[in-house]
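Going by this note's numbering, the sequence shown opens with residue 39, and the numbers climb by one from there.
This report refers to the structure that appears directly beneath it.
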Amino acid sequence: MNPTDQQTAQARQPRRDHPSWEKADPGQHARDPRAVAFTEAYPERPIPATGPVDTAPISTSPALGLEALWAAIEPESRTRSNDIHLPTSTAYAQRLCDAYPQADRELVLATIILHDTGWAHVDESRIISEGFQGDWRKAAIRYEHEARGCDVARRVLPELGYDEEFVERVCEIIDGHDTRQVAFSLEDALVRDADRLWRFDITGVCVSSSWFGMNPAAYTDRLDREILPELITGAAVQMASTDLARTRGLLRTEVLR
């Protein structure tokens with residue numbers, strides 16, 4: 039093997055000495071009146087479910103409906119595996135809405151479909167180099183994709199008949215879904231949890247572990263240690279824990295490490 043081939047092969051190998059991800063830091067956002075009001079309304083964490091919690095494999099209940107919205111964001115689905123991430127996260131969002139029937143279901147589902155569309159409107163070469171390296175939670179590219187996602191929402195939703203108030207509620211959740219570490223409402227919390235839940239399913243593990251340059255065992259360890267504790271709702275914790283055990287068992291991560 040020549041030196042160039044050897045360097046390429048080494049670059050493809052998952053790292054085994056991963057430093058811990060930066061912890062989510064609520065910072066000043068925890069003092070925002072919206073965050074304070076949400077905490078007062080739901081003081082128990084994780085928030086207990088008030089409806090049924092479905093922990094069956096997510097493939098058994100795919101996302102249904104909102105075809106016009108899906109069609110409107112089809113071009114944005116072709117970046118950063120959005121054509122996998124968005125439908126899977128939306129399926130989880132549907133389950134979370136069943137578990138929390140007091141939430142505005144239409145708001146949650148429209149927002150989760152749109153939340154990562156902004157990745158299609160940023161410099162694609164920076165998505166991996168900045169969005170999944172170092173202190174990735176604070177990477178500039180993540181703020182940019184949130185802003186561009188709001189642009190997409192403001193473009194497509196009015197064309198589908200949604201009023202300005204609804205559009206701005208969607209944008210309030212999109213703007214900060216990655217970079218703001220506290221939720222401002224129950225709907226915000228459900229979108230955040232759905233966005234994270236897809237990582238625990240085997241499809242999410244296979245896709246996301248490659249983004250972070252990890253093997254599945256290292257990545258699922260990270261999910262267990264660092265992402266599971268960030269989930270806001272009890273239903274999401276149940277779903278994630280069940281999916282994680284299922285994924286680890288299928289991928290034999292106790293051996294293939």
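Even for Gly, the Cβ is constructed at its ideal location relative to N, Cα and C.
DSSP places T155 in the helix class (H, G or I) of the three-state scheme. Your pair L152 and A185 does not check out as a contact, with CB atoms roughly 13 Å apart and the cut at 8 Å. In the DSSP assignment, S248 falls within the unbroken alpha helix (DSSP H) covering I240 to W249. Taking C-beta atoms under 8 Å as the contact rule, D231 and L134 qualify, at a distance of about 6 Å.
Taking the C-beta atoms as reference points, V275 is found nearer than 8 Å to L269. Per DSSP, T217 is not a residue of any alpha helix (DSSP H), being assigned neither H nor E. DSSP places I85 in the strand class (E or B) of the three-state scheme. DSSP, read as helix, strand or coil, puts T291 in coil. A Cβ-Cβ separation of about 21 Å leaves F238 out of contact with L224 under the 8 Å criterion. For T271, the secondary structure class from DSSP, reduced to helix, strand or coil, is strand.
For the pair G199 and A273, the Cα-to-Cα distance works out to about 32 Å.
Secondary structure note for W108: its alpha helix (DSSP H) is the uninterrupted segment E105 to A110. Rounded to the nearest whole angstrom, the C-alpha separation of S246 and A178 is 20 Å. Non-local C-beta neighbours of R218 in its own chain, meaning closer than 6 Å and more than five positions away in sequence, comprise H67, ordered along the chain.
Counting C-beta atoms within 10 angstroms of its own C-beta, P86 has fewer than 16 neighbours from the protein chains shown and is therefore classed as exposed.
Distance between D70 and S119, taken at the CA atoms: about 33 Å.
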